[in-house]
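What follows is a set of notes on a single structure, which appears directly below.
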Amino acid sequence: MIRIQKGRPVIDQHDKNYLYAGKFGGNFVPETLKKPIEDLTVLFNKLRKDKKFIKERDYYFKNYVGTPTSFIKLYNLSHQLGGAQIYAKVVSEANGGAHKIYNAIVHALICRHAGKKYIIGDTGAGYAGKMLSMAAKKFGLKCKIFMGTKDMARQKPNCDAIRANGAEIIPVDSGSKTLVDAVSECMRYWVSNCDSTHMCVGSTVGPNIFVKICAWSTAQISRELIVQIKKEFGKVPKKLKLINCVGGGSSAIGFWNSFMDYNKKQVEFIGVEAGGPNNSRLHAAPLTNKSKIGILHGAAQYVVQDKEGQISETESISAGLDYPGVSPLHCFLKDAKRARYISASDEEALAAYKLV
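Numbering (the numbering used here) for the sequence shown: 5 to 360.
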């Protein structure tokens, strides 16, 4: 039986092969990337225990990102839905407008500590790219952002912001021309430039170290949230549901992290995947559609794939959720029955947005 170990960070609950539950995650990468990944793993494990680095991170989170972000009650929605106490953690208040800024700041700091001047990253909705370009500008790093041309067309404001911050956008016109292809091209570039360039993966996906760095960075969300909940209610309520969208899965992991040790009967995690358009077979919901385990971007995970094991086309109105895989951490939480996953169609998501 798969279990989450209490008192141990969930990002560290892997075996010597960096696999969670013996089957999710790992480092399935070309030989040329093994040494750079090992070096980054050693550096990050050192930095995350370094009080000076933690102080540096916290300084920029407070004075650049603008933490903590608000925790507000949705009074009208609570009343309309029958009296349930519904609150929102407004992470969009963070500088740049999204949770991606936490990961971007940490990666930029790691890049500096590694002595590198170039940083690259992938983006789908454009927020990860926008945040990385902001962090690169803040710390004087040269930045390239890989982005699918389909996403570039539907996320023009973020593309403009990326360029305004001095970063270069590398259009990706292969495959589905979306996030999955942007990540692939970003990794290919890193293979040839890893000596001078640091890579930032925009979510909790990819080889193990990138999953760890992103989850460790976005944990800031739940560190704030647990304090705010205790201030509001005096304690963590006996019945608490934490609901978050899941694409790659970084915001959900960050939202849940500080509550991992609570019993699931008290604190329930609910992840909502992209169900795609109504009356369509296309979706981006591997956890809720009985997808099989496959290898994508260097990690084993549940992947939307065909009978031959080839990555299937996905579809979502949300560019940030339009991804055929999902974080190994979410696969781990699902199989351990610590989190529950459902999906919402494009139409349901739009209706909910209008309601809120």
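Glycine is no exception: its CB is placed at the ideal position from the N, C-alpha and C atoms. These numbers were taken from a predicted model, which means no experiment stands behind them.
Beta-carbon proximity check, Trp260 vs Ser226, cutoff 8 angstroms: For this step, residue 260 is matched to residue 256 along the sequence shown. For this step, residue 226 is matched to residue 222 along the sequence shown. Result yes, Cβ atoms of Trp260 and Ser226 sit closer than 8 angstroms.
Residue closest to Cys190, alpha-carbon to alpha-carbon, out of Met203, Met264, Cys218 and Asp19: Residue mapping note: residue 190 aligns to position 186 of the sequence shown, counting from 1. Residue Met203 is the option with its Cα nearest to Cys190.
Member of Met151, Tyr63 and Cys198 whose CA lies at the smallest distance from the CA of Pro40: In the sequence shown, residue 40 corresponds to position 36, counting from 1. Of the listed residues, the one whose Cα sits closest to Pro40 is Cys198.
Every unbroken alpha helix (DSSP H) inside the region 243-290 [4 residues or more]: 254-260
8 angstroms Cβ cutoff met for Leu244 and Val271: Taking the sequence shown and counting its residues from 1, one reaches residue 244 at position 240. Taking the sequence shown and counting its residues from 1, one reaches residue 271 at position 267. Against a cut-off of 8 angstroms, the Cβ pair of Val271 and Leu244 comes out as a contact.
Counted within 10 angstroms of its Cβ, other Cβ atoms place Thr36 as buried (16 or more) or exposed: Along the sequence shown, one-based indexing puts residue 36 at 32. It is exposed - the Cβ of Thr36 has fewer than 16 other Cβ atoms within 10 Å.
Ala288 to Pro34 span [Cα, whole Å]: One-based indexing of the sequence shown puts residue 288 at position 284. One-based indexing of the sequence shown puts residue 34 at position 30. Distance between the alpha carbons of Ala288 and Pro34 is about 27 angstroms.
Identified DSSP bridge partners for Thr127: Taking the sequence shown and counting its residues from 1, one reaches residue 127 at position 123. According to DSSP, Thr127 bridges with Met151.
Cβ contact (3+ pairs, closer than 8 angstroms) linking the region 304-312 and the region 342-352: no
Opening and closing residue of the alpha helix (DSSP H) in which Cys335 lies: Indexing the sequence shown from 1 puts residue 335 at position 331. Pro332 to Asp339 is the span of the alpha helix (DSSP H), which, as asked, contains Cys335.
For Phe143, three-class secondary structure by DSSP: Translated into the one-based positions of the sequence shown, residue 143 becomes position 139. Helix, per DSSP.
Identified DSSP bridge partners for Leu300: Here residue 300 refers to the residue found at position 296 when the sequence shown is read from its first residue. DSSP, once it has assigned bridges, lists Ala303 as partnering Leu300.
Residue range of the beta strand (DSSP E) that includes Val215: Indexing the sequence shown from 1 puts residue 215 at position 211. Counting along the chain, Val215 falls outside any beta strand (DSSP E), though it belongs to the alpha helix (DSSP H) covering Asn212 to Thr222.
Under the three-state DSSP convention, the category Glu319 falls into: Here residue 319 is taken as the residue at index 315 of the sequence shown, counted from 1. In this structure, Glu319 counts as coil in the three-state DSSP scheme.
Spatial distance of Ile247 from Tyr91 (CA atoms): Locating residue 247 in the sequence shown gives position 243, counting from the first residue. Locating residue 91 in the sequence shown gives position 87, counting from the first residue. Roughly 10 angstroms separates the two Cα atoms.
Host beta strand (DSSP E) of Glu172 (start-end): The residue given as residue 172 occupies position 168 in the sequence shown. Taken as a continuous stretch (DSSP letters only), the beta strand (DSSP E) holding Glu172 covers Glu172 to Val176.
Beta bridge counterpart(s) of Arg344 as assigned by DSSP: What you label residue 344 is simply residue 340 of the sequence shown in a count that begins at 1. Ile274, per the DSSP bridge assignment.
Proximity winner among Ala355, Leu359, Trp194 and Ala186, relative to Gly128 (alpha-carbon distances): Residue 128 sits at position 124 when you count from the first residue of the sequence shown. The residue with the shortest Cα to Cα distance from Gly128 is Ala186.
Close beta carbons around Lys20, own chain, < 8 angstroms, minus the five adjacent residues each side: What you label residue 20 is simply residue 16 of the sequence shown in a count that begins at 1. Correct list: empty, nothing qualifies.
Spatially closest choice to Lys120 from Ala168, Leu145, Met138 and Val110, by CA coordinates: Residue numbering aside, residue 120 sits at position 116 when the sequence shown is read from its first letter. Of the candidates Ala168, Leu145, Met138 and Val110, the one whose C-alpha sits nearest the C-alpha of Lys120 is Leu145.
For Arg285 and His103, the rounded distance between their alpha carbons: The residue given as residue 103 occupies position 99 in the sequence shown. The residue given as residue 285 occupies position 281 in the sequence shown. Looking at the two C-alpha atoms, the distance is approximately 30 angstroms.
Separation of Phe273 from Val14, as counted between CA atoms: To locate residue 14, count along the sequence shown from 1; it is residue 10. To locate residue 273, count along the sequence shown from 1; it is residue 269. If I take the Cα positions, the gap works out to 14 angstroms.
Cβ-based burial, Ile124 [other Cβ within 10 Å; buried from 16]: On the sequence shown, residue 124 is found 120 positions in, with the first residue counted as 1. It counts as buried.
Sheet register partners of Lys93 (DSSP bridge): As a first step, residue 93 must be located in the sequence shown, where it is residue number 89. DSSP output for Lys93 lists Phe75 as bridge partner(s).
First and last residue of the uninterrupted alpha helix (DSSP H) at Thr201: Translated into positions along the sequence shown, residue 201 becomes position 197. Unbroken run through Thr201 is the beta strand (DSSP E), Thr201 to Cys204; no alpha helix (DSSP H).
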